[in-house]
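One rule links them: number in the numbering used here = place in the sequence shown (from 1) + 9.
Positions of the beta carbon are idealized from the N, C-alpha and C atoms, including for glycine.
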Amino acid sequence: MSDLQDLYQELILDHNKSPRNQGKLEDANRQAQGYNPLCGDKLKVYLHVEDGIVKDISFEGSGCAISTASASLMTQSVKGKTIEQVRAMFDSYHQMLTQDSTSESDESSLGKLVVFSGVCQYPARVKCATLAWHTVKAALDDATVQVTTE
Ligand code: ZN
């Protein structure tokens, strides 16, 4: 295993052990629930959106290490961004996990999220790593329904 992969794994373990932005967001004006039946990951994402910007975000739920770490890193990446930026990030992230190649510009816009690039080798894990993103996208689309990765 390369040093880079070690570093990635460490970051994922760290975010799983102490997730950032976890808990209910009291002044949320958007929220959505996500469920990945394949693994049993469940989460709820809360957002406070104002003037087209994600002012605050949090999540709660239970799931495997990959889903928890990706939700934690997702909240860090999304906070302070415009809705358009979040949608673009979702697309780049989704592409990174479902396609063999990612363009360099995509990777640079993803920042820390590249730690999940190795997940594309494990198709069953891709749904764990994208659940939080599908859920945040549903919340931004103002969906009140529960989304699943199926
Ligand atoms: Zn999972």
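- Per DSSP, the unbroken beta strand (DSSP E) holding D65 starts and ends at 62 to 71.
- Taking a 10 Å sphere around the C-beta of T84, we find 16 or more other C-beta atoms and assign the residue as buried.
- Linking Q31 to H57 through their CA atoms gives a straight-line distance of about 14 Å.
- Between K90 and V54, the gap from beta carbon to beta carbon reaches 8 Å or more.
- Pairing T144 with L52 gives a Cβ-Cβ distance under 8 Å.
- When the alpha-carbon of P132 is set against those of N25, R39, H103, L22, the nearest one is in H103.
- Counting along the chain, the unbroken alpha helix (DSSP H) around L22 starts and ends at 12 to 26.
- For Q40, the enclosing beta strand (DSSP E) stretches over residues 39 to 45.
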